[in-house]
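The structure under discussion appears below in the form of structure tokens.
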């Protein structure tokens, strides 16, 4: 099925561990982004990319790295996990950053840092 | 600072009881106002995009409207399957130090419709 695929769906990390959240889309979308969703905070933008090789920071980038080597994939790396990074992470894609296209979201990764 | 505020935080309705959800925004150079539906444990699902004041869009029991400062999501004769969290998002201009054209989301309104 066409769409945005996120893996894993659930993850528990210990403080200080590193990991990569995977995101892949098969719609040839140029724009991809990562959001985190916390209770009472809404969706907040972490990093985004407007095409392969181009990334930029969003509202809450600290503690996270991204790269975009292909159009399809946009992994999010946690360098040294902290309890404050416990959240639900969503990857989204769109044909372009501008215009009226709604984002297509993945089903999310629920991360717990202990 | 670009900002999107939704109200109420939660809304409980009886089946068939129509109501409206509010989304107020302060965004430089609005380039689109978006509504999404989010079910528990799932990612947001796109509903509508509105561009200019006076514009309206409809889908089944939902109708979205836009003014220069607010958007409303009207729900007519809701059913239990309309229960979800409804998210509003705005896209501003590509202004340095701002959202750079990314979507800014409100915190959502959790709608519960009882049979």
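Residue numbers (this note's numbering), protein chains in the order written: chain A, 258 to 371; chain B, 1066 to 1180.
Just so it is clear, CB atoms sit at the ideal spot from N, CA and C, and this is done for glycine as well.
- Using a Cβ-Cβ distance cut-off of 8 angstroms, the segment 279-293 of chain A and the segment 339-358 of chain A are in contact, since at least three pairs of beta carbons, one from each stretch, lie closer than that value.
- The Cβ of residue 1166 of chain B sits closer than 8 angstroms to at least one Cβ of chain A.
- Neighbours of residue 299 of chain A in chain B, taken as residues whose beta carbon is under 7 angstroms from its own, are 1170, 1171, 1172, 1173 in chain order.
- Residues of the segment 1131-1149 of chain B that bring their beta carbon within less than 7 angstroms of a beta carbon in chain A are absent altogether.
- Burial check for residue 370 of chain A: the Cβ neighbour count within 10 Å reaches 16 or more, so the residue is buried.
- In this structure residue 332 of chain A is in contact with residue 279 of chain A, their Cβ atoms being roughly 5 angstroms apart against a cut-off of 8 angstroms.
- Note on residue 297 of chain A: under 16 other CB atoms within 10 angstroms of its CB, so exposed under the neighbour-count rule.
- Pairing residue 1146 of chain B with residue 1180 of chain B, the inter-Cα distance amounts to about 10 angstroms.
- Here the alpha carbon of residue 1139 of chain B sits roughly 42 angstroms from the alpha carbon of residue 338 of chain A.
- Rounded to whole angstroms, the gap between the alpha carbons of residue 336 of chain A and residue 1156 of chain B is 30 angstroms.
- The count of Cβ pairs closer than 8 angstroms, one atom from the segment 304-323 of chain A and one from the segment 1066-1076 of chain B, stays below three, leaving the stretches out of contact.
- Interface flag for residue 344 of chain A against chain B is unset, since no Cβ pair is found closer than 8 angstroms.
- Proximity to residue 1070 of chain B across B/1079, B/1086, B/1143 peaks at B/1086, based on C-alpha coordinates.
- Within the segment 1112-1129 of chain B, those residues whose Cβ lies closer than 7 angstroms to any Cβ of chain A are, in chain order, 1114, 1116.
- CA-to-CA, the gap between residue 326 of chain A and residue 1092 of chain B works out to about 32 angstroms.
- From the listed residues A/358, A/349, A/309, the smallest Cα separation to residue 301 of chain A is found for A/349.
- Judged by DSSP in its simplified three-state form, residue 329 of chain A adopts coil rather than helix or strand.
- Secondary structure of residue 1104 of chain B (DSSP, three-state): coil.
- Take residue 1080 of chain B, set aside five residues on each side of it, and the residues of its chain with a beta-carbon closer than 7 angstroms to its own are 1143, 1144, 1145, 1178, 1179, 1180, in chain order.
- When secondary structure is reduced to three states using DSSP, residue 294 of chain A falls in the strand class.
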